[in-house]
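In what follows, a single structure is set out as structure tokens and then discussed.
2 protein chains.
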Amino acid sequence: MDEGSAAEQARHRVKRVSMADVARLAGVSSQTVSRVSNGHAGVVPDTREQVLAAMRELGYRPNSAARALKRGEFRTIGVVLFTLSTTGNVRTLEAIASSAAAEGYAITLLPVAAPTHDEVRGAFTRLGELAVDAFIVIMEVHLLDAATVALPPGVQVAVADSNAGDRYSVVDTDQAGGAGAAVRHLLGLGHRTVWHLAGPEESFAAQRRADTWRAALADAGRPAPPLIRGDWSADSGYRAGLRLADEPDCTAVFAANDQMALGLLSALHEKGRAVPEEVSVVGFDDIPEAGSFLPPLTTVHQDFAEVGRRLVQGVLRQLRTESAEPGTTLVPTRLVERASTAPPPAPREHPEPAG
Amino acid sequence: MDEGSAAEQARHRVKRVSMADVARLAGVSSQTVSRVSNGHAGVVPDTREQVLAAMRELGYRPNSAARALKRGEFRTIGVVLFTLSTTGNVRTLEAIASSAAAEGYAITLLPVAAPTHDEVRGAFTRLGELAVDAFIVIMEVHLLDAATVALPPGVQVAVADSNAGDRYSVVDTDQAGGAGAAVRHLLGLGHRTVWHLAGPEESFAAQRRADTWRAALADAGRPAPPLIRGDWSADSGYRAGLRLADEPDCTAVFAANDQMALGLLSALHEKGRAVPEEVSVVGFDDIPEAGSFLPPLTTVHQDFAEVGRRLVQGVLRQLRTESAEPGTTLVPTRLVERASTAPPPAPREHPEPAG
DNA sequence: CCAGAGGATGTTTACGTAAACATCCTCCAG
DNA sequence: CTGGAGGATGTTTACGTAAACATCCTCTGG
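From first to last, the protein sequence lines stand for chains L and W.
The letter at position 169 of the first sequence is residue 169 when you use UniProt numbering, and the numbering goes up by one with no holes.
The letter at position 182 of the second sequence is residue 182 when you use UniProt numbering, and the numbering goes up by one with no holes.
Pasting the structure below:
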């Protein structure tokens with residue numbers, strides 16, 4: 001075998017074998033090697049086999065830099081995101097990666113350290129120099145607005161979770177649909193009103209969910225309790241829960257994501273407020289663990305896979321037509337009813353754990 | 001401003017501006033542009049400013065394909081992984097991405113659809129053609145063994161969570177240390193023995209944790225209950241929990257990850273088995289939500305960030321010295337004690353919920 | 001005032017691939 | 001038997017960059 005030569009290569013960081021080397025060994029021109037390498041027709045089976053044999057023997061692998069230079073494309077999509085610590089980003093990224101792979105595209109990750117304008121600017125500049133044909137941006141809209149100037153021209157972009165549909169191709173979960181369903185579900189159970197545990201102010205998704213919550217209450221003619229602000233983390237949900245447990249007339253809470261709902265459940269339990277008997281809780285996202293919460297969480301299911309798929313499709317279509325397609329695509333959500341919601345306790349009674 | 005030209009470029013998928021264009025506008029040679037672009041010395045400030053102005057005016061961005069072709073390196077690390085659905089992979093990836101970014105390297109993602117030999121083989125082949133200087137592989141070891149043949153020679157590799165330290169540079173969490181601490185913690189509380197809810201058979205990490213669990217029990221001269229097999233998901237933990245709840249002498253469970261522990265808690269609660277009063281539970285990973293479980297989960301903290309950092313450092317060092325560095329680096333763990341563990345209930349009594 | 005050093009800038013070339021074009025051969029129709 | 005069509009293969013060239021080498025200019029020391 002050629003184990004020896006492989007080891008040798010590893011040692012010397014060898015000049016990689018090129019088409020010319022293969023051509024020499026196979027006794028053909030390098031163009032013929034290129035044809036075989038790209039599966040073009042017009043190569044006689046005999047010759048083809050000879051070339052393939054030479055490739056195998058030398059361990060030929062095409063040089064993607066040269067290929068990209070010649071072809072003018074990298075077959076790579078860059079993904080800009082702030083963090084992999086939110087379920088949504090991760091799940092979306094996963095879907096993007098597999099959709100892209102199915103289309104023969106690779107994914108280059110560009111994490112942005114901090115959500116500051118400078119960081120985003122810098123990231124876009126770097127992305128511009130990156131070996132990438134197009135980007136997908138997953139981030140908070142306010143920053144995207146400010147950073148727009150830096151987006152390299154002539155590069156196709158698709159954006160997740162944003163309201164920049166006037167300038168970019170945006171794919172978003174139907175935030176309004178989901179949040180509305182959550183609020184209406186709770187009102188439908190008989191709750192007088194619904195409290196909201198919101199995500200961080202800078203988040204576009206959080207803002208949309210909060211806006212919709214307020215609107216849904218207004219539609220139903222219900223008063224809106226003060227909004228509680230979290231930061232997506234279970235911990236912030238816990239802190240909010242401690243506070244909400246002391247509100248005697250709080251019987252229903254819509255948390256802007258499942259992690260915060262988890263913290264909320266934990267705090268309510270600690271404070272002796274039974275869920276769902278005394279307080280109903282609805283989350284958002286439907287993370288895989290939501291069904292294992294105590295109690296199993298009623299939540300709004302987001303189809304992240306679909307979001308990722310559409311982002312890739314969108315950006316590739318733009319690449320092919322060489323034109324931007326501003327506009328927003330909404331991916332539907334659905335309410336998953338589990339055991340964390342129920343009708344409110346009998347009104348006007350002082351809350352007191354049932355013996 | 002040049003908004004018009006930018007829009008024009010977007011429309012025509014324009015021949016991108018090259019160094020030659022900048023050189024022409026600035027009235028210098030393209031080599032001078034190259035020098036400015038790479039920050040080389042030996043360019044008079046006057047000239048430099050002129051070049052920079054021309055770059056700005058034309059919106060010049062270096063062509064990374066040409067650059068990579070010339071330099072012989074891509075400044076990119078490929079990351080092969082099976083799934084982004086386990087916390088560990090995601091957190092490790094996140095750390096890899098930021099460490100790499102700090103070193104001026106980008107990350108290209110290569111998800112492997114299914115953990116089959118063919119898939120892995122195919123992935124490695126594709127990776128060989130990818131614009132990548134080195135890889136980091138995050139996957140189950142058994143498959144890595146079988147797929148080894150396909151790993152392109154002369155490319156540096158680092159591997160996470162594997163026992164392939166004889167061939168590759170491996171960085172792993174100290175599985176044995178963590179699992180041992182978990183078991184000893186439970187025994188130390190007075191439990192007669194500890195049950196184990198293991199991860200899937202194919203997982204190297206799962207295997208190590210199970211082996212250590214068994215060894216720690218043997219060391220203490222305790223009998224090992226039958227091993228329960230899960231698949232990392234909360235759901236599998238729930239199913240295991242239903243089963244364990246019926247084992248009257250099960251007072252302590254070590255779950256191989258936090259998600260399964262969550263499911264376990266849920267099932268035990270449903271079956272009326274109090275945690276930690278009747279059954280103690282320890283997890284593994286210390287996911288951010290672990291502190292919000294009911295009860296807050298005692299678990300083994302893994303430092304994924306450190307694992308990612310070391311993987312990047314290792315692979316870059318190999319790249320620089322042009323030599324492989326087989327061997328295994330262990331990243332320490334620590335037991336985080338929360339509220340899911342306690343001494344066992346008084347022995348020999350029939351388990352019966354305390355009124 | 002001139003030789004020469006050294007800094008600033010320009011010119012040539014190669015990196016590996018693949019399109020475009022050129023050549024050659026075979027085989028068939030007339 | 002021959003002209004030519006069309007398939008198989010070879011040759012040239014360009015993609016954008018940056019190293020290596022070449023040139024030119026300025027400034028200093030003798």
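Just so you know, even glycine gets a beta-carbon here, dropped at the ideal spot from N, CA and C.
Owing to the predicted nature of the structure, the values given are computational and were not obtained by experimental measurement.
For Gln156/W: DSSP bridge partner residues: Ala134/W
When Ser99/L, Thr116/L and Thr125/L are compared against Ala113/W, the one with the closest alpha-carbon: Ser99/L
Option in Ser203/L, Glu202/L and Leu197/L with minimal Cα separation from Arg214/L: Leu197/L
Alpha-carbon spacing of Ala216/L relative to Leu93/W, whole angstroms: 39 Å
Contact with chain W by Thr108/L, beta-carbon distance below 7 Å: yes
Residues from the region 221-234 of chain L in contact with chain W, defined by Cβ distance under 9 Å: Ser233 and Ala234
Cutoff 6 Å; reference Pro344/L; Cβ partners in own chain excluding five residues on either side: Gly190, His191 and Thr251
Chain W within 7 Å of Val80/L, Cβ atoms only: no
CA-to-CA distance, Thr173/L to Ile17/W, given in whole angstroms: With the sequence shown as reference, residue 17/W is identified as Val, and Ile is not the correct amino acid for it. Approximately 37 Å between the Cα atoms of the pair.
Whole-angstrom distance between Arg309/W and Gly178/W, CA atom to CA atom: 20 Å
Residue closest to Val300/W, alpha-carbon to alpha-carbon, out of Arg209/W, Asp285/W and Thr86/W: Asp285/W
Opening and closing residue of the beta strand (DSSP E) in which Thr328/L lies: Gly327 to Val331
Endpoints, beta strand (DSSP E) assigned at Arg334/W: Arg334 to Val336
7 Å Cβ cut-off: residues of chain L touching Tyr238/W: Ser292
Cβ pair Gly180/L, Thr212/L closer than 7 Å: yes
Beta strand (DSSP E) segment containing Leu197/L, residue limits: Trp195 to Ala198
Gly42/W burial status per 10 Å Cβ neighbour count (16 or more: buried): exposed
Per DSSP, cross-strand counterpart(s) of Val79/W: Leu109/W and Ile136/W
Inter-stretch contact (C-beta, 8 Å, three-pair minimum) for the region 28-43 of chain W and the region 72-85 of chain W: no
Within chain L, the residues that Gly128/W reaches when beta carbons sit closer than 8 Å: Arg61
Cβ distance (whole Å) where Ala261/L is taken to contact Leu297/L below 8 Å: 6 Å
Below-7 Å beta-carbon distance, Leu84/L vs any chain W residue: yes
Close Cβ partners of Tyr60/W (< 6 Å) along its chain, the five nearest in sequence each way excluded: Val17 and Val22
Within chain W, partners of Gly263/L - CB distance below 9 Å: Glu289, Gly291 and Ser292
CB of Ala66/L within 7 Å of CB of Leu69/W, strictly: yes
Below-7 Å beta-carbon distance, Ser266/W vs any chain L residue: yes
Sequence-distant residues of the same chain with beta carbon closer than 8 Å to Thr341/W, five excluded per side: His185, Leu186, Leu189, Ala252, Pro276, Ser280, Val281, Val282 and Thr298
Residue-chain proximity (Val90/L, chain W), Cβ-Cβ < 7 Å: yes
Through-space distance from Tyr105/W to Ala131/W, alpha-carbon basis: 12 Å
Pick from Ile287/L, Arg239/L and Ala160/L that is closest to His269/L, judged by C-alpha positions: Arg239/L
Identity of the residues DSSP links to Ser266/W by a beta bridge: Partner(s): none; Ser266/W has no beta bridge.
The alpha helix (DSSP H) enclosing Phe304/L, as first and last residue numbers: Phe304 to Thr321
Below-7 Å beta-carbon distance, Gln302/W vs any chain L residue: no
Host beta strand (DSSP E) of His301/W (start-end): Thr298 to His301
First and last residue of the uninterrupted alpha helix (DSSP H) at Val51/W: Pro45 to Leu58
Rounded C-alpha distance that separates Thr125/W from Arg317/L: 27 Å
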